[in-house]
Amino acid sequence: MSDPRFSPYPEAFSRRTFLGAALTGAALLGADHALAAGSGLVAQPPAGFMPLSIPGKVVKVAKSNVMQPNGLWPTEGAAKLMLERVMAELTGKSDLGEAFAKFVHKDDKVAIKPNGIAGQKGATMATNRELILEVVRGVMAAGVPASQIMIFEQYPKFLEGTRIWDRHKGPDPALPAGIATAVHENEDATMPERSVMGIPTKFVRPFTEATAVINLGLIKDHSICGFTGCLKNITHGATINPHAFHQHNASPQIAELYAQDVVKSRVRLHIIDGFKLIYDEGPLDKNKKRRVLHEAVYATTDPVAMDTLGWGIIEQWRKDNGLPTLKDAGREPTYIRIASELGLGVFDKNRISLREVTL
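According to mature numbering (1 follows the signal peptide of the UniProt record, and there is no 0), the stretch in the sequence shown is residues -36 to -1, 1 to 323, in order.
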């Protein structure tokens, strides 16, 4: 539930302000960005531990014929095989526990953020339980106790869409005992309020109480901001008033939210469930003709590089199906470029290293 104190269209945000920021990025945001991103709530890794970071590197592992008979969910064997390989290619460690140990330490409190909004009706399009379970196993194999792992989403229906939790039955029986599941409903926040581009907000407790966050996003068209992948799954899935950051294609708001120290110091790894994607009419799964098989898993530490590639994938599907570009449709995801200008990752495709493996 949203807080009535927060207006989605604050007086301080004129259209000129938004369009100017979108055109010139960080140069126009300057002091406001520095003040907003530079204070408080920095998560510190455990003493002596330095999480792996490889700007610009993205790994894709693809395999055909990996879906269950319903065509919606991958088989458990495929999710395991593809996650093991993508993590090995990213880290150089063939053992899944050793690979995850590059990102999480046994003393970390780990939050896992899937994306279930398009899975609310029939679990047709969400981060899949099969992949979530393997990520959990990898984190535990890295030495993190179950009691220090939480899977969280925004609303009950979203978490149910992933099939990892049911409001009547509780967590999936395959989840190891002790792992917490939570929904925040845009309310559960304890951090001090802060201003991001003139809008007061807070990040939610399941996010801020973690020292390490693993982002399990999707590849989807978005009716407001054009594309949703890594960046938006965090910025609009872990704050109390995401509706307040949608104006003018949510750009540069997504970039500015992600640039907060609360976020940058926590999110260590992005794993994209690319078994399916939505190339139009997203982010909800409104038209099954726009939901197509992709049969891939991606891994990276660079959300900008991954979102840049994901945007390109969506554009190609749109072109192949006679749809206008996102720019021509009036919702170009300019926030991705602005995120790069704020130092959050690599946007230049010539500087993105994509390692593709087909099994």
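Glycine residues also receive a C-beta, built at the ideal position from the N, C-alpha and C atoms.
- DSSP, read as helix, strand or coil, puts W129 in strand.
- With fewer than 16 neighbouring CB atoms inside 10 Å of its own CB, L323 falls in the exposed class.
- Boundaries of the alpha helix (DSSP H) harbouring P267: 267 to 284, taken from the DSSP string.
- In the three-state DSSP reduction, R295 falls in the coil class, being neither helix nor strand.
- Ranked by Cα distance from H186, the options I81, M46, M114 are led by I81.
- Here the alpha carbon of V147 sits roughly 30 Å from the alpha carbon of S304.
- Going by DSSP, F64 is part of the alpha helix (DSSP H) stretching over 60 to 64.
- Around the beta-carbon of P170, 16 or more other beta-carbon atoms lie within 10 Å, marking it buried.
- An exposed status is given to S159, since fewer than 16 other beta-carbon atoms sit within 10 Å of its beta-carbon.
- Within the segment 152 to 200, the beta strand (DSSP E) runs of at least 3 residues that lie entirely inside it are, in chain order, 158 to 160, 163 to 165, 176 to 181, 184 to 186, 190 to 192.
- Selection V321, D244, A43 evaluated against P288 yields D244 as nearest (Cα-Cα).
- Going by C-alpha positions, Q211 is about 21 Å away from E157.
- Between the alpha carbons of I76 and D237 lies a distance of about 13 Å.
- The C-beta of K184 has 16 or more other C-beta atoms within 10 Å across all chains shown, which makes the residue buried.
- Our two residues, L290 and G190, have alpha carbons roughly 6 Å apart in a direct line.
- When DSSP reads this structure, T145 sits in a beta bridge with I115.
- Cβ-Cβ distances below 7 Å link V108 to V68, K70, D72, V74 in the same chain, with the five nearest sequence neighbours on each side left out; the list follows chain order.
- A direct Cα-to-Cα measurement between I96 and G162 gives close to 36 Å.
- The DSSP-derived three-state label of K57 is coil.
- For K228, no beta strand (DSSP E) encloses it; the enclosing alpha helix (DSSP H) starts and ends at 225 to 228.
- For R319, the enclosing beta strand (DSSP E) starts and ends at 317 to 322.
- Distance from the CA of E151 to the CA of P206, rounded to the nearest whole angstrom, comes to 11 Å.
- A Cβ-Cβ distance of about 19 Å is found for the pair G134 and Q84, leaving them out of contact under the 8 Å criterion.
- When secondary structure is reduced to three states using DSSP, F311 falls in the coil class, being assigned neither helix nor strand.
- If you look at R101, you'll find it in the alpha helix (DSSP H) that goes 93 to 105.
- With contacts defined as CB atoms closer than 8 Å, M46 and K240 fail to qualify as a contacting pair.
- Inclusion of Q112 and G201 in the CB contact set at 8 Å is not warranted, their separation being larger than that value.
- Between the segment 245 to 255 and the segment 217 to 232, the count of C-beta pairs closer than 8 Å stays below three; the two stretches do not touch.
- Under the DSSP definition of a beta bridge, D237 partners with V261.
- By the criterion of at least three beta-carbon pairs nearer than 8 Å, the segment 277 to 288 is not in contact with the segment 309 to 322.
- Relative to the Cα of P15, the nearest Cα in the group G35, K27, T55, V23 belongs to T55.
- Annotation for T39: V30, M31, Q32, E94 place their beta carbon closer than 8 Å to its own, counting only its chain and skipping 5 residues before and after.
- With respect to the 8 Å criterion, V321 and E53 are classified as neighbours on the basis of their beta carbons.
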